[in-house]
Amino acid sequence: MMDESNPKPKVCSFCSLVCEIPNLDNRSEDPIGLADGAVVAPGAVGADGPEHEPWCSKRSIQRKLVPLRLASMANVQSAAVTSDAAVTSDAQDSFLESSLRIVSQQLRRSSSILVTGRIHCVESARGAIELARRFDAAIDPWDSDPASDAISAMQRGGGYSVSLGEARDRADLWVVVGQDSLLEQTPRLASAMNRGESVRLLLLGRWSDASIQNFKSSGFDVICIECELEDLPKRLGQCMRVGQTHSESQVGQWLLEAKYTVLLYAPSALDFEGRDLWIEALDRWVLQRNETTRVATLSWGTLQSSFHQTCTWLTGFPGRIKFHGGKPHYDPHGYRAKDWADRQSASAQAKSRSLLVWVDDSLEELPRELLELDLPKLIIGPNQGSSNHQADRWLPAGIVGVTHTVNMFRGDQTVLANVHCDCHPGTQMPSQWLKRFIS
Amino acid sequence: MRVTRLKNVRIVDGIHASSKPTDLYLVGPSLARQLPPETRIDATYDLEDHIAMAGGIDIHTHIGGGKVNLARLMWPERSTKEADEKPWLGPLSAPVPGTWETGQRYLQMGYTTCFEPAMLPANARQSHMEMRDTPWLDTGGYVVLGNDRMLLNMIALGAGQEAINDYVAWMVASSAAMAIKVVNAGGIDAFKFNQRQLNVDEVHPALPVRPRDILWSLSTAAEELGLAHPLHVHCSNLGTPGNITSTLATLDAVEGRRIHLTHAQYHCYGSDGPHGFSSEASKLADRVNRTNHISIDVGQILFGQTITLSADTMHQFANRKFASPRKVIFQDLECQAGCGLLPFRYKESQFVHGLQWSIGLELFLRIQDPTRVFLTTDHPNGGPFTGYPHLIRLLMDYDFRMSIFDRLHPDVRSVSTLPSLKREYRLDEIASITRLGPARALGLQNRGNLNPGSIADVAIYRNDDNPETMFSSPTMVFRCGELVLRDGRILGDCQKTVLISDFQTRQDALRWGARPEHSARWQKLYGYSPWLTALRTDEFAEDGLRVEHAHWHR
């Protein structure tokens, strides 16, 4: 996994960078740092023996299939171009050139463009933002509501947060709020949270036995309380007051005894109305508690954190912007991607002048709601989907951390890592496609 | 190679004293004073009544990294008005703008090189990526050490200076840093253990380590490794009345080794007077004047709205009640440091703010050697960098300075000694505090001056009685010999350079992370390999950047 000439570890780009991956082609290779729990044992990889946890085999199988899938898709596409356009030279080159020409025309013709998608690395984000700037487009990731709610809560009141590494080392009490989907998205999170000793963990929300077991087997001393989450910030305050008068309450006792409490939640795993207000109230409670003790939140972001961070440094805003004359205009309600798409597809006149550019760094299938949109789409990514819209065009692209080395933020949005992999020849990254349209 | 002649221009770089107009040549990326007669000149500009200065160098400006991006994020309510005829004269669109605006506005003042002073090791990659996306500026950064638990443990366990040097070398190399920055040595980590103050000789709540030990170890490492820039220190007790004691103790702690004290204005306060807050600028200035191993940047405050951001969570948290508007962000980060952000408005009518303003100016005016006191506002903490032309006028024009002083809180006017400081900076001294001095402190021999062979980063200013007007809008700016700005308008892009410190063991420094015992210790603390975040210099080249190494010239 590590050699003198290239010591960079290979990191799974689908789990918010909490785990390094072993060499998929060398099952006998010794893992590094197994005792710390943040590195995956080779035996856990592959369908033939998930000795530790199933997540890794799930991700690993996906990873192994992607290059094959890309190659076959690219072949199909270039063959089609070759026969349609009667191009006799190299099919791959002609495919690139004809795509470039057609898409460039499409971009120039459209008077209303949305750049959206599942943008997971800095490189794709840079390209997407530059494209939007060049064509005075709106830009917002497709499923940006969780991040947008967390950002708007922070913009109103601020908060006190902690990074994963700090929490791992310093926390003597974790309060994990949410439901199973948190661990489905980032299965190795429980291991990454634990520093290798017994630490108290309070699970609040709706958790299955498997999730509870996941935390326990990662070394936590777990109390799970099934509860509705909506009024949690209020109840945390009550719990503390109860704890002060009823020392028999273990939860209250834990909260009072803790020297450094970490409240972990993922906005994407909080599926109720008023999520932004919930986060704001929790942040307020945490800030107040810090008057006398140490408490911090850890808001676990989606894979789109890299987009929000990059967009912020390039434009000053996290997304939901539209460029006018090259300048960004921020409207967190007006430029929400799904609303833009709904608005444009509802109007026959707008529809004809619109273009939705979908930039995809994800392995997942394309969302049904996207494919059903009656709008011309340019899809740059590994998945073609099954759209029937005549004007749709697909530009096959590779996968971050699988076919190309990229830079990605970890889920806590503090660590930016170089996700290294051996380059897969013959595939374009979304950022490479985007650069061609801009230059 | 393109040759440009700047004809009849007066050279002001803090070195060349002549006031006579002369010719300066830009030969490709370098400067020349004379050329062989047969040389073909591609362009000539007659610059009578103009001065030429080297491109400005900001030694301490927060332009990239996690907390900078948070500051952008927390301030969405910015101006979106369309550009007017001279947009570069107006305020920034936000206290911390995006990278493009940052690069543009620096260039429009004639600045060409900037340094991010607080790169968290875990986050250095982000800092560099943001700086890479800041056009027209060459950039570098200082890696934050002194609150990293790995170092504190090494000092506590008596690992020895050699082991510490190896670790520091790894941190500097893997962060692609220019220097080491220490912020409130040990204090940020102590705050994570709920301690609210840590003086220079106080012991950390969880480890047998004092800030004095940390400062000694890091200044020794900087010296023994031979880093281009000395230890860059944000002292203990930022902004606290009476903090001059710990500031002087910090200077003592390095035992005569080179040290750079940053945003010194915030660190020379007494606790006398009607408000329990007074100036001790003269004590710090005296110390700088009596020695030759200390340099400072001022961190001047400018009146108006800004956002303060710092790795010093301990003191930022203590100041949270002063946030205006009322929102604050804090983070404890990766066993390495933290950050605290609060919006802040400096008001002329407020006693403390008025005195801070006069303390900063006192430092500029009391320190005699202009190559050891540098012009900064600690952007955005004291105010935006776009206030530099205004600050230059404050330094060059006593009457202008007093016209603002007369508007301050009456108690400031009664206690401040500023009116007695009649010194007015000359142009060559302005060149020293904005170019020559920072370049020397950073080990950049080929920048900050207009010597033959130096980099052809040149700003041309039209002489004007009002220095604020003059320094707000250079008539031309050249980057590496190419004209990139004329009359405020940007003409083109330019090659960017990342600046990194060279040092004796640089070639071997990265091997530290490959040694199993270090790798295992790192993995245990952070949960990931030391190589996950490490930067290699060849990555910059892949990103189209040039890499330049700075050297300590002993």
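Heads up: the protein sequence lines correspond to chains B and X, in order. Going by the numbering used here, the letters in the first sequence line up with residues 1 to 439, in that order. Going by the numbering used here, the letters in the second sequence line up with residues 1 to 554, in that order. Ideal Cβ placement from N, Cα and C applies to all residues, glycine included.
Sequence-distant Cβ neighbours of C15/B in its own chain, meaning closer than 6 Å and more than five residues away, are T186, R188.
Note that the C-beta distance between L26/X and A456/X is below 8 Å. L298/B is positioned such that its CB atom lies closer than 8 Å to that of S161/B. The DSSP assignment places complete alpha helix (DSSP H) segments of no fewer than 4 residues inside the region 338-383 of chain B at 348-353, 368-371, in order along the chain.
In terms of Cα proximity to G488/X, the closest of R72/X, P21/X, A94/X, Y111/X is Y111/X. At a cut-off of 8 Å, the C-beta of A32/X has no neighbouring C-beta in chain B. By the rule that beta-carbons nearer than 8 Å mark a contact, P318/B touches chain X. For the C-beta of D271/B, not a single chain X residue is nearer than 9 Å; the gap to the nearest is close to 24 Å. For T312/B, the chain X residues whose Cβ falls inside 9 Å of its Cβ are N69, L70, R72, L73, G98, in order along the chain. P230/X and R521/X have their C-alpha atoms roughly 28 Å apart. With a threshold of 8 Å between beta carbons, C335/X makes contact with chain B.
For N243/X, no alpha helix (DSSP H) encloses it, and the DSSP letter there is neither H nor E. A346/B is classed as exposed because its beta carbon has fewer than 16 other beta carbons within 10 Å across all chains shown. Within the region 122-144 of chain X, A122, N123, R125, Q126, M129, E130, D133 place their CB atoms closer than 8 Å to a CB of chain B, listed in sequence order. Among the residues of the region 314-334 of chain X, those with a Cβ less than 9 Å away from any Cβ of chain B are F317, R320, A323, R326, K327, V328, I329, F330, Q331, D332, L333, E334, in the order of the chain. In the three-state scheme derived from DSSP, where H, G and I count as helix and E and B as strand, D332/X is classed as strand.
Of all alpha-carbon atoms in R287/X, G276/X, A190/X, the one lying nearest the alpha-carbon of K259/B is that of A190/X. S175/X is a Cβ neighbour of M119/X, given a cutoff of 8 Å. For R536/X, the secondary structure class from DSSP, reduced to helix, strand or coil, is coil. In the DSSP secondary-structure assignment, S112/B is bridged to S354/B. For the 8 Å CB-CB criterion, N383/B and D360/B form a contact. Within the model, the alpha-carbon separation for A397/B versus I379/B is close to 9 Å. Closest in alpha carbon position to G187/X, among T113/X, T377/X, Q336/X, is Q336/X. Per DSSP, T112/X is one residue of the beta strand (DSSP E) stretching across 111-119. For G66/X, no beta strand (DSSP E) run applies; the uninterrupted alpha helix (DSSP H) run containing it begins and ends at 66-73, by DSSP.
Beta-bridge partners of C494/X (DSSP): none assigned. Not a single C-beta of chain X is nearer than 8 Å to the C-beta of K351/B. Beta-bridge analysis with DSSP links E226/B to G205/B. Two segments are said to touch when three or more pairs of C-beta atoms, one from each, lie closer than 8 Å; by this definition the region 329-343 of chain X does not touch the region 398-409 of chain X.
In terms of beta-carbon proximity, Q155/B lines the interface with chain X, with at least one pair separated by less than 8 Å.
For the region 107-123 of chain B, residues whose beta-carbon sits nearer than 7 Å to a beta-carbon of chain X comprise V122. Taking one beta carbon from each stretch, the region 169-182 of chain B and the region 252-272 of chain B have 3 or more pairs nearer than 8 Å; the two touch.
If you draw a straight line from the Cα of E424/X to the Cα of G383/X, it is about 22 Å long. DSSP places Q179/B in the uninterrupted beta strand (DSSP E) bounded by 173-179.
Listed in chain order, the alpha helix (DSSP H) runs fully inside the region 171-247 of chain X are 187-192, 211-225, counting runs of at least 4 residues.
From the listed residues A156/X, G146/X, L151/X, D286/X, the smallest Cα separation to V233/X is found for G146/X.
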